[in-house]
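Student:
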Amino acid sequence: QVQLVESGGGSVQAGGSLRLSCAASGYACMGWFRQAPGKEREGVATIARDGSTSYADSVKGRFTISQDNAKNTLYLQMNSLKPEDTAMYYCAADPQGYCVTEADFRYWGRGTRVTVSS
-13 QVQLVESGGG SVQAGGSLRL SCAASGYACM GWFRQAPGKE REGVATIARD
37 GSTSYADSVK GRFTISQDNA KNTLYLQMNS LKPEDTAMYY CAADPQGYCV
87 TEADFRYWGR GTRVTVSS
């Protein structure tokens, strides 16, 4: 059974940084998603096996997705955090590599909470 485990969440003041980690990598496409209280889950960033990345407009220039295949770990470096970044963050894996919609991601972690205070 595929198991994705996120870590690195916590509480930080606006302008601060956090780095999320996800134990699992090597899939055709991996991504980070988030769900804020009372809102639908949204995509944050994705990374394909060839290293190509994509980001939600709201995090471009502030967040960086990366992976270390030797360590089987996916990362999300989050800088210049804003209160609106407060959410539960999930990593997910798309073994087929379509990497287009949330439905393409078959495997999910349980999430790690990020809270940004103003």
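Reading the sequence shown from the start, the letters are residues -13 to 104 in the working numbering. For every residue, glycine included, the Cβ atom is placed at its ideal position computed from N, Cα and C. Quantities reported herein were computed from a predicted structural model and do not represent experimental measurements.
To which residues of the same chain is G(-5) closer than 6 Å at the C-beta, ignoring the five residues directly before and after it?
Tutor: Within the same chain, G(-5) has close Cβ partners T98, R99, V100.
Student: Taking the continuous beta strand (DSSP E) assigned at E88, which residues delimit it?
Tutor: No beta strand (DSSP E) holds E88; DSSP gives it neither H nor E.
Student: Is the beta carbon of C15 less than 9 Å from the beta carbon of Y84?
Tutor: Yes, Cβ-Cβ distance for C15 and Y84 is below 9 Å.
Student: Candidates A42, S103, T32, R96: which alpha carbon is nearest Y61's?
Tutor: The shortest C-alpha separation from Y61 is found at T32.
Student: Once DSSP output is grouped into helix, strand and coil, what is the label at D71?
Tutor: Residue state, collapsed to three classes: helix.
Student: Give the DSSP-derived three-state secondary structure of G(-4) in the structure shown.
Tutor: It is a strand residue.
Student: Can you tell which of V102, P81, A42, Y75 has the C-alpha that lies nearest to the C-alpha of V(-9)?
Tutor: Selected option, being the one with the closest Cα: Y75.
Student: Buried or exposed for V102, going by 16 or more other Cβ atoms inside 10 Å?
Tutor: V102 comes out buried.
Student: When DSSP labels each residue in this structure, what does Q(-11) get in the three-state scheme?
Tutor: Coil, per DSSP.
Student: Can you tell me whether V78 is buried or exposed, with buried defined as 16 or more other CB within 10 angstroms of its CB?
Tutor: Val is not the amino acid found at residue 78; the sequence shown has Ala there. With 16 or more Cβ atoms within 10 Å of its Cβ, A78 is classed as buried.
Student: Roughly how far, in whole angstroms, is the beta-carbon of G29 from the beta-carbon of A42, given that I think they are within contact range, below 8 Å?
Tutor: Sure, about 6 Å apart at Cβ, within 8 Å.
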